[in-house]
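Structure first, commentary second.
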Amino acid sequence: MIPSALPRRAGVGFKPEHFADILAEPQTIGFFEVHAENYMGAGGPPHAQLGKLREDYALSIHGVGLSIGSMQPLDRDHLARLKTLCDRYRPESFSEHLAWSSHDGVFLNDLLPLPYTRETLDRVIEHVDQVQATLGRQMLLENPATYLLFAESTIEETDFLAEIARRTGCGLLLDVNNVFVAATNHNLDPRDYIARFPLEAVREIHLGGHSETIDDHGACLLIDSHDTPVKDPVWALYETVIGRLGPVASLVEWDNDLPAWPMLRAEAEAAQHILDRAAQQRAA
Amino acid sequence: MTMSAATQNAFAIGLFSTTPPPSSLTAWNGTALERRYSVYRNNIIASLTEALVSRFPAALNIVGPDFFRAMAQAFIRLHPPRSPLLLAYGDDFPDFVAGFEPARELAYLPDVMRLEVARGRAYHAEEAVPLEARTLADVEPHRLRTLIFKPHPSLSVISSPYPVATIWAMNSGGRPLAALDDWLGEDILVVRPRMTVEMSGLPPGGAAFFRHLAAGVNLAGAADAVQHAEARFDLSANLAILLRSGAFTAFSQGTSDENRHDA
C-alpha cells in the first residue's frame with residue numbers, strides 16, 4: 001500500500017481560474033489539491049492543466065463523491081474511475097470524507113452526515129478497506145462539518161475516526177475549519193475536540209472559510225461555505241494543532257466567490273509561516 | 001432495513017420534500033430543526049444549480065439568472081443526477097426545457113442548449129490529433145471515392161431550424177447582441193481539434209454529409225446520399241471544411257465503392 005506522503009508544507013486548492021497566474025512564475029506552494037470528480041473526463045483542458053501542474057508540484061487528489069459513509073454499497077464504477085485517476089497522476093495523497101452523498105442511485109452532491117454507531121462504524125471500515133485495496137494506496141479520511149446530530153449515535157466522532165484509522169491503517173485529514181464549524185453548531189468547545197482527536201494519524205490539514213447564520217432557536221449556525229478567508233478563531237485552532245503535531249501538509253480551500261491568485265497565495269503563506277515557526281521551535 | 005440504513009433513507013427522502021425534518025435528528029438546543037436540515041436541502045439544490053449554470057452559460061444569459069435557476073430547479077427535482085460525474089449532468093436538460101411550459105415562447109432555446117451540450121462534451125473528450133490535409137494529397141485520385149474517415153472523439157453535428165450558433169455567439173460575448181434580419185436555420189460542426197472547442201457553420205447538405213462520414217460511410221457514398229436530397233450540396237466546399245476543422249483523425253481505404261457502415 002502506497003502511503004500518503006504530502007510535503008509538510010502549505011498548499012492550496014487548485015482552481016482553473018488561477019492557472020495562468022500560477023504558471024507565470026515559480027510558486028512557493030508545497031502542493032496543489034484538486035477535486036477528483038473534476039478530472040474524470042477523458043481529456044481536454046482540465047487534464048492538460050493538471051498534467052502541467054504535476055510537472056512542478058506535489059499533488060493531492062481529494063474525492064467529493066464516493067459516499068464512503070453510506071450504508072449502501074460503494075459505486076464500483078466510481079471507484080474504478082478514482083483508480084484510473086490515481087494511476088494516471090500518481091498523487092502524493094488521496095483523500096475522501098466521512099460522509100455520504102449517494103442514495104438509491106441518486107447523487108445528492110453534498111457531504112451528508114451519518115449516525116455514529118457500531119453498525120455504521122463497521123460499514124465505513126469495510127468501505128475504507130475496499131477503497132485502499134482497490135487503489136493500492138493509503139487514503140485519508142476527513143472529519144465533516146455538520147449541522148445536525150442523530151439521536152441514535154453512541155460513539156464520539158473523534159473515537160469513531162480513531163477506530164477507523166486503527167483498523168484500516170488509513171490516515172486522517174483534519175479539517176480545522178470543520179472542527180470549528182461543527183463544534184459551534186453543537187455548542188461544544190473545539191479545543192476539546194482537538195484534545196480528543198487522534199492526532200498521530202493526521203497526514204493533512206484543511207483550512208477554509210465559513211459563513212454565519214442562525215438556527216431555529218436563534219443560536220449561531222456556521223456554514224462550511226469555503227467562500228471567505230480563513231477566520232481568526234480557525235487560525236488560532238490551527239496554531240494549537242501545529243504546536244502539538246509539528247509541521248504537517250496544510251491546505252487552504254477556497255471554492256466559491258474565488259479571490260484573485262495573490263490573495264489565495266497570501267492565505268497559504270500565512271499557513272506556511274505558522275508551519276515554519278513550529279519547525280523552528282522544534283529545532284530549538 | 002437496519003436502523004442506520006432506515007435513518008439514511010429518511011434523511012435522503014426528506015431532502016427533496018418540504019416535510020418536517022426526520023425524527024431521528026437532534027440538536028443541542030431544542031427540537032426545531034428546520035433551518036439546520038435546510039442547510040443540506042439548500043446545498044444540494046444550489047450546488048446542482050451551479051453545475052447546470054456552468055454547463056449552460058449562454059442559456060443563462062438568454063433567460064436571465066432568476067428564470068434559469070427556476071428552470072434548473074424544476075429539472076433537478078425531476079431528474080437528479082445518477083452519477084457523481086457532474087461534468088455530464090444535464091445532457092438531457094435541453095429536452096426538459098423543450099417541454100417546460102414557461103419557456104415555450106423561446107422555441108430556439110433547447111437547440112442553443114444542445115449546442116452547449118455538444119461543446120461541453122467536446123471540451124472533455126479524449127485527445128486525438130486531427131488529420132493533416134497533406135496526407136490526403138498522397139491518395140491516388142481514383143481511390144478517394146472509397147475513403148472512410150475516423151471521426152475525432154470530440155465531434156458533434158448540431159442541426160436546428162433556428163440560427164443557434166449566431167444566438168449562442170451573441171450570448172457568449174462572441175458577437176454583439178443585435179436583431180437578426182435572416183432568421184434562418186443553422187447546421188454546426190462542433191469539434192475540439194486541440195485545446196479549444198471550435199464551431200464551423202455548415203453549408204446546405206453539410207450536416208447530413210458529416211453525419212454519414214462519422215457513421216463510417218465512405219466519401220462517395222456520403223456525397224451521393226446527400227446530393228439526392230439537397231441540390232445545393234457542394235462537395236468541394238464540404239471537403240474544405242472537413243480538412244480545415246479537424247473533424248477527422250485518420251482515413252482508411254474502403255474495399256468497395258458501396259456504402260459502408262461497419263468501419
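Chains A and B, in that order, are what the protein sequence lines are. When we follow UniProt numbering, the leftmost residue of the first sequence carries the number 1, and every step to the right adds one. When we follow UniProt numbering, the leftmost residue of the second sequence carries the number 1, and every step to the right adds one. No residue lacks a Cβ here, since even glycine has one placed at the ideal position from N, Cα and C.
Among residues of its own chain, excluding the 5 on either side of residue i, which ones have a beta-carbon nearer than 7 Å to its beta-carbon?
i, result
"residue 181 of chain A", "145, 210, 222 and 224"
"residue 135 of chain A", "82, 83, 86 and 94"
"residue 94 of chain B", "110, 113, 114 and 117"
"residue 7 of chain A", "30, 31, 58 and 249"
"residue 175 of chain B", "169"
Buried or exposed: which applies to residue i, given that a residue is buried once 16 or more other Cβ atoms fall within 10 Å of its Cβ?
i, result
"residue 220 of chain A", "exposed"
"residue 214 of chain A", "exposed"
"residue 1 of chain A", "exposed"
"residue 185 of chain B", "exposed"
"residue 23 of chain B", "exposed"
"residue 52 of chain A", "exposed"
"residue 280 of chain A", "exposed"
"residue 19 of chain B", "exposed"
"residue 107 of chain B", "exposed"
"residue 13 of chain A", "buried"
"residue 2 of chain B", "exposed"
"residue 208 of chain A", "buried"
"residue 120 of chain A", "buried"
"residue 255 of chain B", "exposed"
"residue 129 of chain B", "exposed"
"residue 166 of chain A", "exposed"
"residue 29 of chain B", "exposed"
"residue 204 of chain A", "buried"
"residue 189 of chain B", "buried"
"residue 86 of chain B", "buried"
"residue 152 of chain B", "buried"
"residue 244 of chain B", "exposed"
Once DSSP output is grouped into helix, strand and coil, what is the label at residue i?
i, result
"residue 4 of chain B", "helix"
"residue 255 of chain B", "coil"
"residue 271 of chain A", "helix"
"residue 107 of chain A", "strand"
"residue 199 of chain B", "strand"
"residue 40 of chain A", "coil"
"residue 258 of chain A", "coil"
"residue 30 of chain A", "coil"
"residue 249 of chain B", "strand"
"residue 27 of chain B", "strand"
"residue 1 of chain A", "coil"
"residue 211 of chain A", "strand"
"residue 249 of chain A", "strand"
"residue 15 of chain A", "coil"
"residue 170 of chain A", "coil"
"residue 154 of chain B", "coil"
"residue 278 of chain A", "helix"
Checking 9 Å against the spacing of the C-beta atoms, do residue i and residue j come in under that value?
i, j, result
"residue 233 of chain A", "residue 198 of chain A", "no"
"residue 173 of chain A", "residue 202 of chain A", "yes"
"residue 246 of chain A", "residue 196 of chain A", "no"
"residue 64 of chain A", "residue 33 of chain A", "no"
"residue 243 of chain A", "residue 127 of chain B", "no"
"residue 104 of chain A", "residue 12 of chain B", "yes"
"residue 257 of chain A", "residue 47 of chain B", "no"
"residue 241 of chain A", "residue 267 of chain A", "no"
"residue 154 of chain A", "residue 193 of chain A", "no"
How long is the line joining the alpha carbons of residue i and residue j, rounded to whole angstroms?
i, j, result
"residue 275 of chain A", "residue 17 of chain A", "27 Å"
"residue 135 of chain B", "residue 181 of chain B", "41 Å"
"residue 92 of chain A", "residue 46 of chain A", "19 Å"
"residue 218 of chain A", "residue 113 of chain A", "22 Å"
"residue 88 of chain B", "residue 107 of chain A", "13 Å"
"residue 56 of chain B", "residue 120 of chain B", "9 Å"
"residue 200 of chain A", "residue 183 of chain A", "21 Å"
"residue 16 of chain B", "residue 77 of chain B", "7 Å"
"residue 72 of chain B", "residue 52 of chain B", "7 Å"
"residue 158 of chain A", "residue 22 of chain A", "37 Å"
"residue 162 of chain A", "residue 171 of chain A", "10 Å"
"residue 208 of chain B", "residue 92 of chain B", "23 Å"
"residue 26 of chain A", "residue 56 of chain A", "9 Å"
Excluding the 5 residues preceding and the 5 following residue i in the sequence, name in chain order all residues of the same chain whose CB lies nearer than 6 Å to its CB.
i, result
"residue 67 of chain A", "100, 101 and 102"
"residue 259 of chain B", "Note that residue 259 of chain B has pLDDT 46, beneath the 50 cutoff, so the model's placement of it is unreliable and the number below is only indicative. Same-chain partners within the cutoff: 217 and 221."
"residue 205 of chain B", "226, 230 and 233"
"residue 131 of chain A", "139"
"residue 3 of chain A", "138"
"residue 68 of chain B", "60"
When you measure from the CB of residue i to every non-hydrogen atom of the ligand SAM, does any distance come out below 8 Å?
i, result
"residue 62 of chain B", "With respect to the ligand SAM, the structure offers nothing, as it holds no ligand at all."
Do we get a CB-CB distance below 9 Å when we pair residue i with the residues of chain C?
i, result
"residue 43 of chain B", "Here chain C cannot be found, since the structure's protein chains are A and B."
Going by beta carbon distance, what residues of the same chain come within less than 8 Å of residue i, once the five residues before and after it are set aside?
i, result
"residue 212 of chain A", "220, 221, 222 and 223"
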